[in-house]
Every structure is written in structure tokens, then in C-alpha cells.
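Novice: I am attaching a structure below and will ask some questions about it afterwards.
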Amino acid sequence: MFLALREIRHQPARFLLITIVVVLVSYLAFFLTGLAYGLASAYSEAIRNWSASGVVTTSTANQNLMASRLSARQLEVASEQAPAAAPLLLQAVVYVPSAGQEERANAYLFAVDEAGPAAPAVTEGRYPRAGGEILLDATLAREGFALGSQVQLADSDTTWQVVGFTDAQRFQTAPVMYVSIDQYRDRFGYLLAGRDGEVAAHAVVLGPNATPDAAALEEAGLEYLSSDALISALPGYNAQVLTFSLMIGSLIGIATLVLAIFIYVLTLQKRSLFGIMKAQGIRTSYIVVSGAVQTFFLTMVGVGIGLALAFGTSVALAGKVPFAVSPVLFAGVIGAFLLGTVIGGLVPIRTISRIDPIEAIG
Numbered sequence: 475m476f477l478a479l480r481e482i483r484h485q486p487a488r489f490l491l492i493t494i495v496v497v498l499v500s501y502l503a504f505f506l507t508g509l510a511y512g513l514a515s516a517y518s519e520a521i522r523n524w525s526a527s528g529v530v531t532t533s534t535a536n537q538n539l540m541a542s543r544l545s546a547r548q549l550e551v552a553s554e555q556a557p558a559a560a561p562l563l564l565q566a567v568v569y570v571p572s573a574g575q576e577e578r579a580n581a582y583l584f585a586v587d588e589a590g591p592a593a594p595a596v597t598e599g600r601y602p603r604a605g606g607e608i609l610l611d612a613t614l615a616r617e618g619f620a621l622g623s624q625v626q627l628a629d630s631d632t633t634w635q636v637v638g639f640t641d642a643q644r645f646q647t648a649p650v651m652y653v654s655i656d657q658y659r660d661r662f663g664y665l666l667a668g669r670d671g672e673v674a675a676h677a678v679v680l681g682p683n684a685t686p687d688a689a690a691l692e693e694a695g696l697e698y699l700s701s702d703a704l705i706s707a708l709p710g711y712n713a714q715v716l717t718f719s720l721m722i723g724s725l726i727g728i729a730t731l732v733l734a735i736f737i738y739v740l741t742l743q744k745r746s747l748f749g750i751m752k753a754q755g756i757r758t759s760y761i762v763v764s765g766a767v768q769t770f771f772l773t774m775v776g777v778g779i780g781l782a783l784a785f786g787t788s789v790a791l792a793g794k795v796p797f798a799v800s801p802v803l804f805a806g807v808i809g810a811f812l813l814g815t816v817i818g819g820l821v822p823i824r825t826i827s828r829i830d831p832i833e834a835i836g
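Oh and the sequence shown: position 40 is 514 in this note's numbering, straight run, nothing missing.
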């Protein structure tokens, strides 16, 4: 160990380039990890924050909340599947400030029961109860909305008064707005006309520890989805996660390969030195471990700098990119980097073990 660290101290320029490579690759891996987790959270955090085990949708909806339409009878059957169950009504909306600014943005409007498992935790203000009241995700507060502000939805003459804010409530990357079920039916009842009568709900959210009767649901033309299954079924979610995972894995693989090549080249350059060491009775295992420790130390320094740069970039771009930190994911990336580089550092074992002291010394 001391041999490896002493070599780094006396010849820092030799190891500077590989450290820079580790910094750049790890920085990109950490930043992509934060982006992947941030995008996944923005896609699904409204569902993840439910106090629910899952939802019941129509079996013909193809696991799509927006395509599900429950009749009154189906709503009754679905509500019997758990002690805590509540209907969910939702739609995609475009909102504009009541002042009439031209800039518009997308959002989702959720109508839930205040006491139901899908109700969000209010962080400021209160839950909407009276007509024309609305609860907003906290991201909209950063756009200038405050308690008492007016929100106008596009293609609607109705304005809504902001009475509260909630945190971490986004669905498919768009902020969620909450109203009461009665308000939704009053303002958007024309959207609830179905082929077989009025749509009673788009889905039913079941509370924790629900034990749905699959046979009863199938007979009623319904399907139960756990919260995780519902999130996985969101359009583009799995493709997005897989894409980022492959990119991050490729970066770690590239770092491992580069380090392995670097250590191998160094080994070839130090054949005579290793020959002298072996002639002095130093074991091959000691030489190999010294090289692995050297690689591990360089990687730790590079990964630490890369992590700091990723955090710094996220602070500089706060609110502009969906960057989020997951300690578990970041720890996994760090562990993968360290494991990969140690493996890369052990690549020259065969070369070192075959060095003949007499031949190497010349």
C-alpha cells in the first residue's frame, strides 16, 4: 500500500491523466443518474405519494388511467375491494394566468376525496372544498402562483382560486392540480358522458393492505394494478429508465476498460522494476495488491471530484432540469465504479506473475 501511494506522490503527472478521465466519466455518470432519477420521479411522484396499494381500472383501458372509464356499477364493485377506497377523476389541462398572459403550460387536474388514499399532504393553506377552489403542486409556486392567486384553464371561462399547495405532486413530468370530486363533476360534467351512461370515475384508488377479489373484478370488467405496476405502465417510463441505465452502465464499463489498459501499460513499463523487486524476494501478490490499491485510490479521488461536480451542476441548474438525488442509486454507482476499477487493477496479475527477475533486469 505504501509503495503504491509513494509512487503517486513522487510521480503525480503520470497519474494525473487517468484521474482526469475518472473525474469526467464519473461526473457524467452521476449527472445522468440524477437526471434519470429526477425524470422518473417527475413521471410518477404523484402516484408514489399515494397512501395506496394500487388502483382499479377498466380491463379495456390497457393499464392507462386516462383511458379508463368506470360506470356506477363498476365503481361500486371496485370500492368494495378495500376498507379505504376512493374514486379518482383526472384529465390533462392547459393553464393560463387569469391576467391573460399568452404563455401556456401543461398540467394534470386530479379530483380526489380529501379523506381518501390519493389525497395529497397539504404543505401550505388547505384542501379545496368550496366551488372554484384549487390546490397546486409546489412547482407552480415557483412560477408566481400564491395563496389567493387566480388560475384559469385554457378554453374555459372559469377561474380557480388557489387555496393551498402540496409538495412532490407531478404526473408524467407535469404538475398536478387538485380539486374536490363535487367541483370536478360540476365544472367538467360534460366530459363524463360515456357510451353506456355517465362515467362515475376514471379509477378507484385502494388504500394500504387491500386484498382485491380478482374474480369479482374480472366479472365486472375491471383490473387491479399495484402502484408499481401502474407506474411501469406509464407511457415511456420503462424505456426512459432502461435508456439511462444502459448509458450509466456503459460509462462504468468504459472507465473500467480505460483503467485496465492504463494499469497494463504501466506494468509493461515497470517490468524491470518488478523484476528487481521479485529478485529481492518481494511476493507477486504484494506487487499486485499494491497496483490494485493504487488504482482504488485514484478512483476514489476521481469519483469524489466527479460527485462534487455533479452536485455543483445540479445547484447551478436548479429548477431548470429534473435533477434529483437518490442516496441508494448514487451509492450503487460509487460501488460499481470502485468494483470495476479494482477488477481493472487486477488485470496485470498474469503479466506480473510471469516476469522473470533475471530476464527483466537484463
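Just so it is clear, CB atoms sit at the ideal spot from N, CA and C, and this is done for glycine as well.
(1) Grab the span of the alpha helix (DSSP H) containing Y738 for me, first residue to last.
(2) Along the chain, which unbroken stretches of the beta strand (DSSP E) at least 3 residues long are found entirely within the region 626-653?
(3) Cutting at 8 Å between CB atoms, please list the residues of its own chain near E697, excluding the five before and the five after it.
(4) When you compare only the Cα positions, how much space is there between G590 and A805?
(5) Please report the residue range of the beta strand (DSSP E) in which S700 lies.
(6) Shorter than 9 Å from the beta carbon of I521 to some beta carbon of chain C?
(7) Residues in its own chain within less than 7 Å of L772 by CB, not counting five upstream and five downstream?
(8) Using DSSP with H/G/I as helix, E/B as strand and the rest coil, what is L621?
(9) Is E607 near A579, with beta carbons less than 9 Å apart?
(10) Comparing C-alpha positions only, which one of P709, V570, L506, G528 sits nearest to L803?
(11) Using alpha carbons as the reference points, say which of P686, V596, S827 lies closest to K752.
(12) Bridge partners of F797, per DSSP?
(13) Is DSSP giving Y601 helix, strand or coil here?
(14) Return the bridge partner residues of A707 from the DSSP annotation.
(15) Got a sec, what are the start and stop residues for the alpha helix (DSSP H) V551 sits in?
(16) Among the candidates R603, V777, A703, whose CA atom is the shortest distance from the CA of Y501?
(17) Using the beta-carbon count (16 or more within 10 Å), is Q743 buried or exposed?
(18) State the CB to CB distance for the pair V678 and L549, rounded to an integer number of angstroms; the pair is presumed to be in contact (CB under 8 Å).
(19) Taking a contact to mean a Cβ-Cβ separation below 9 Å, would you say V653 touches Q643 in this structure?
(20) Could you pull the start and end residues of the beta strand (DSSP E) that A581 belongs to?
(21) Out of S746, G723, G780, which has the shortest C-alpha to C-alpha gap to A510?
(22) Please name the residue, chosen from V789, I726, R745, S788, that lies closest to G818 on a Cα-to-Cα basis.
(23) Taking the alpha-carbon positions, what's the L562 to T787 distance?
(24) How about L733 and T769: are their beta carbons less than 9 Å apart?
(25) Can you give the beta carbon distance from Y711 to P822, rounded, assuming they're within the 8 Å contact cut?
(26) Which residue marks the beginning of the beta strand (DSSP E) containing G528, and which one marks its end?
(27) At what residues does the beta strand (DSSP E) containing E607 begin and finish?
(28) Please report the straight-line C-alpha distance between L820 and V807, rounded to a whole angstrom.
(29) In angstroms with no decimal places, state the Cα-to-Cα distance between L498 and A766.
(30) Which of the three DSSP states, helix, strand or coil, is assigned to E588?
(31) Indicate the three-state DSSP secondary structure (helix, strand or coil) for A680 in the structure shown.
(32) What do you reckon, are the CB atoms on A581 and V596 nearer than 9 Å?
(33) Taking 8 Å as the threshold, find out whether the region 627-643 comes into contact with the region 600-614 through three or more Cβ pairs.
(34) Rounding to the nearest angstrom, what Cα-Cα distance links I735 and S764 in this structure?
(35) Taking 6 Å as the limit between beta carbons, can you name the residues of its chain near V673, skipping five residues before and five after?
Specialist: Let me lay it out:
(1) The residue labelled residue 738 in the question sits at position 264 within the sequence shown. Per DSSP, Y738 belongs to the alpha helix (DSSP H) from 711-743.
(2) Secondary structure in the region 626-653: the beta strand (DSSP E) runs of 3 residues or longer, each lying completely within the stretch, are 633-640, 648-653 in chain order.
(3) Along the sequence shown, one-based indexing puts residue 697 at 223. If you ignore the 5 residues before and after E697, its C-beta comes within less than 8 Å of the C-beta of V530, T531, T532, S533, A535, Q537, L691, all in its own chain and listed in chain order.
(4) Position 116 of the sequence shown, counted from the first residue, corresponds to residue 590. Position 331 of the sequence shown, counted from the first residue, corresponds to residue 805. Rounded to whole angstroms, G590 and A805 show a C-alpha spacing of 36 Å.
(5) On the sequence shown, residue 700 is found 226 positions in, with the first residue counted as 1. Counting along the chain, the beta strand (DSSP E) containing S700 begins and ends at 696-700.
(6) Among the chains of the structure shown, chain C does not appear; only one protein chain is present.
(7) For this step, residue 772 is matched to residue 298 along the sequence shown. Cβ neighbours of L772 beyond the five flanking positions: F489, I492, T493, V496.
(8) In the sequence shown, counting from the first residue as 1, residue 621 sits at position 147. DSSP places L621 in coil when its eight states are reduced to three.
(9) For the purposes of this step, residue 607 is identified with residue 133 of the sequence shown, where counting begins at 1. For the purposes of this step, residue 579 is identified with residue 105 of the sequence shown, where counting begins at 1. Cβ atoms of E607 and A579: not closer than 9 Å.
(10) Taking the first residue of the sequence shown as position 1, residue 803 is located at position 329. Of the listed residues, the one whose Cα sits closest to L803 is L506.
(11) Looking up residue 752 in the sequence shown gives position 278. Comparing Cα-Cα distances from K752 to each of P686, V596, S827, the minimum goes to S827.
(12) Locating residue 797 in the sequence shown gives position 323, counting from the first residue. According to DSSP, F797 bridges with nothing at all.
(13) For this step, residue 601 is matched to residue 127 along the sequence shown. Here Y601 sits in coil by DSSP.
(14) The residue given as residue 707 occupies position 233 in the sequence shown. Its beta-bridge partners do not exist; DSSP assigns none.
(15) Taking the sequence shown and counting its residues from 1, the one referred to as residue 551 is at position 77. Start and end: 546-553.
(16) The residue given as residue 501 occupies position 27 in the sequence shown. Considering only alpha carbons, the answer is V777.
(17) Against the sequence shown, residue 743 aligns to sequence position 269. Exposed, since its Cβ has fewer than 16 Cβ neighbours within 10 Å.
(18) For this step, residue 678 is matched to residue 204 along the sequence shown. For this step, residue 549 is matched to residue 75 along the sequence shown. Indeed, because the Cβ distance is near 6 Å, the residues count as touching under 8 Å.
(19) The residue you call residue 653 lines up with position 179 of the sequence shown. The residue you call residue 643 lines up with position 169 of the sequence shown. No, the pair does not count as a contact, with Cβ atoms beyond the cut-off.
(20) Sequence index remark: in the sequence shown, residue 581 carries index 107 (1-based). Where A581 is concerned, the enclosing beta strand (DSSP E) starts and stops at 579-585.
(21) Working through the sequence shown from its first residue, we reach residue 510 at position 36. Out of S746, G723, G780, G723 has the C-alpha closest to the C-alpha of A510.
(22) For the purposes of this step, residue 818 is taken as residue 344 along the sequence shown, with counting starting at 1. Out of V789, I726, R745, S788, I726 has the C-alpha closest to the C-alpha of G818.
(23) As a first step, residue 562 is located in the sequence shown; it is residue number 88 there, counting from the start. As a first step, residue 787 is located in the sequence shown; it is residue number 313 there, counting from the start. When rounded, the distance between both Cα atoms is 38 Å.
(24) Indexing the sequence shown from 1 puts residue 733 at position 259. Indexing the sequence shown from 1 puts residue 769 at position 295. It is a contact, given that the beta carbons lie within the stated cut-off.
(25) The residue you call residue 711 lines up with position 237 of the sequence shown. The residue you call residue 822 lines up with position 348 of the sequence shown. Between Y711 and P822 a beta carbon distance of about 43 Å is seen, past the 8 Å cut, so the two are scored as non-contacting.
(26) Reading the sequence shown from its first residue, position 54 is the one you call residue 528. For G528, the enclosing beta strand (DSSP E) starts and ends at 528-532.
(27) One-based indexing of the sequence shown puts residue 607 at position 133. Start and end: 607-611.
(28) For the purposes of this step, residue 820 is taken as residue 346 along the sequence shown, with counting starting at 1. For the purposes of this step, residue 807 is taken as residue 333 along the sequence shown, with counting starting at 1. Rounded to whole angstroms, the gap between the alpha carbons of L820 and V807 is 20 Å.
(29) Your numbering for residue 498 matches position 24 in the sequence shown. Your numbering for residue 766 matches position 292 in the sequence shown. Those two C-alpha atoms are separated by around 21 Å.
(30) Working through the sequence shown from its first residue, we reach residue 588 at position 114. In this structure, DSSP gives E588 a state outside helix and strand, which the three-state scheme calls coil.
(31) Sequence index remark: in the sequence shown, residue 680 carries index 206 (1-based). According to the sequence as given, residue 680 is Leu; it is not Ala. Secondary structure at L680: strand, using DSSP grouped into helix, strand and coil.
(32) For the purposes of this step, residue 581 is identified with residue 107 of the sequence shown, where counting begins at 1. For the purposes of this step, residue 596 is identified with residue 122 of the sequence shown, where counting begins at 1. Here A581 is not near V596, since their CB atoms are 9 Å or more apart.
(33) With the cut-off at 8 Å, the region 627-643 and the region 600-614 touch.
(34) Translated into positions along the sequence shown, residue 735 becomes position 261. Translated into positions along the sequence shown, residue 764 becomes position 290. C-alpha separation (whole angstroms): 17 Å.
(35) Here residue 673 corresponds to residue number 199 of the sequence shown, with the count starting at 1. The beta carbon of V673 lies closer than 6 Å to those of R543, L666 in the same chain, with the five residues before and after it left out.
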